[in-house]
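In UniProt numbering, the protein residues as written are 1 to 425.
Virtual Cβ for every residue (Gly too), placed ideally from N, Cα, C.
None of these values were measured; they are calculated from a predicted model.
In what follows, a single structure is set out as structure tokens and then discussed.
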């Protein structure tokens, strides 16, 4: 049998991993009112494996943190309680589960903010409208409020409290989201950060906020439960940097004093969302600088994943889209089995797109989500018709005719469909 370095065990601090394949954090936008939903139990337990590491999707640290609809939070008691059965399901499968804690910063608008206030950032420079990942919708952003030096400690403390709440929810640790143009990245990158105080100007000053967040979280829950995600080369949401290698190296070296569980970096080739480009740059200098577990992400397949593990370029490889479409990804990579293709964008298909019947199931799922706030009238028993194609078409036609059903009935229908194994969320 050919060598398969991705399937070799690894000791990540206090955690014994059975393989090197990590479930990357993936925004799913299905947490209504910012509360994780029961269907996430199935989604995450499907992707859990004995000794496998999963990182939950970006989870808001406060009521100012969100920039998209229906993303989960971890700042209220209700949110913490909602996470508990999801975390328990991963642990029952033997998985290790980290919560990615996040603040969107200026990648938001007043619609997502309390009292319709301006989103916060390192700057007051507005962000231009952007095409959403579905290739259809255009995101609009409100001009941000530039945080004052007196306001910044409160945001640092929000990260600390969110980390504590995540541990209360049962997570094994947290990953601080410092990448992809969100709040921490808005301080790190000189294309965004135009401050003249102690949080701007020099490289050391621009990294100050990120390191204050790391220190606060480490002091709260322990360094062996904390990871940090960075994307020094990325230019998401107009957040590029004039010297990304220097930025990445400074952060890698600065993190060493904390003894973090891991550092998670996005490959230089992933400059824009969903685009993989040729580049002479690599993460090797940061890999050599950071004295701990080094995780990489960004367009990896099986062959390249095995290569970076065997060469020592990385300790762990995070997979995103492949994990969406293949809940049993580690096993498929072990066997070199075919992978389902994950489809994003305009087509309403899902995380498991294999045949026509599953595509129809996914159509129905999306319709039900999109009209969750409307009231639709399908009888609960009709959901059982989804066991065949004709049933799916019948129920979907009733949806399109505008019949009304209470949201509680929809939720009950989802629970039934999960028990019957009909949907992959």
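- Pairing residue 190 with residue 123 gives a Cβ-Cβ distance that is not under 8 Å.
- Around the beta carbon of residue 40, 16 or more other beta carbons sit within 10 angstroms, so the residue counts as buried.
- Using a 10 angstroms sphere on the CB of residue 140, the tally of other CB atoms stays under 16, which defines it as exposed.
- Counting only residues of its own chain and dropping the five nearest sequence neighbours on each side, residue 158 has a CB closer than 6 Å to the CB of 61 and 62.
- Straight across, the Cα-Cα distance linking residue 200 with residue 238 is about 17 Å.
- Distance from the CA of residue 109 to the CA of residue 69, rounded to the nearest whole angstrom, comes to 11 Å.
- Listed in chain order, the non-local C-beta contacts of residue 259 below 6 Å within the same chain comprise 223, local neighbours out to five positions each way being set aside.
- Going by DSSP, residue 128 is part of no beta strand (DSSP E) at all; its letter is neither H nor E.
- Put simply, the backbone Cα of residue 308 is about 44 Å away from that of residue 114.
- Collapsing the DSSP output to three states places residue 319 in a strand.
- By the criterion of at least three beta-carbon pairs nearer than 8 Å, the stretch 196-212 is in contact with the stretch 247-258.
- Secondary structure at residue 29: coil, using DSSP grouped into helix, strand and coil.
- In the DSSP assignment, residue 305 falls within the alpha helix (DSSP H) that extends over 302-311.
- Taking a 10 Å sphere around the C-beta of residue 31, we find 16 or more other C-beta atoms and assign the residue as buried.
- Taking 8 Å as the cut-off, the Cβ atoms of residue 54 and residue 91 do not count as close.
- Counting the other CB atoms within 10 Å of its CB gives residue 132 a total below 16, which places it among the exposed residues.
- When DSSP reads this structure, residue 294 sits in a beta bridge with 263.
- Cβ atoms of residue 214 and residue 176 come within 8 Å of each other, at about 6 Å.
- A straight line joining the alpha-carbon of residue 116 with that of residue 142 spans about 10 Å.
- Within the model, the alpha-carbon separation for residue 59 versus residue 100 is close to 6 Å.
- If the five residues before and after residue 278 are omitted, its C-beta is found closer than 8 Å to the C-beta atoms of 269, all from its own chain and listed in chain order.
- Residue 220 and residue 163 do touch by the CB rule: their CB atoms are close to 5 Å apart, below 8 Å.
- Nearest to residue 8 by alpha-carbon distance, out of 283, 21 and 152, is 21.
- With a 10 Å radius around the Cβ and a threshold of 16 neighbouring Cβ atoms, residue 335 comes out exposed.
- Between residue 149 and residue 198, the gap from beta carbon to beta carbon is short of 8 Å.
- Taking each of 105, 304 and 36 in turn and checking the Cα distance to residue 267, the smallest one comes out for 304.
- For residue 177, the enclosing beta strand (DSSP E) has its first and last residue at 173-178.
- Residue 10 sits away from residue 284, with the two beta carbons spaced by 8 Å or more.
- Taking C-beta atoms under 8 Å as the contact rule, residue 172 and residue 225 qualify, at a distance of about 7 Å.
- When secondary structure is reduced to three states using DSSP, residue 121 falls in the strand class.
- Residue 195 carries a coil assignment under DSSP once its states are collapsed to helix, strand and coil.
- Distances from the CA of residue 295 to each of 104, 183, 319 and 184 were compared; the closest alpha carbon is that of 319.
- Inclusion of residue 36 and residue 72 in the CB contact set at 8 Å is warranted, their separation being smaller than that value.
- Short of 6 Å from the beta carbon of residue 264, and not among the five residues preceding or following it, lie these beta carbons of its own chain, in chain order: 227, 229 and 295.
- Beyond the five residues adjoining it in sequence on each side, residue 13 comes within less than 6 Å, by CB distance, of 224 and 261 in the same chain, given in chain order.
- Our two residues, residue 80 and residue 155, have alpha carbons roughly 19 Å apart in a direct line.
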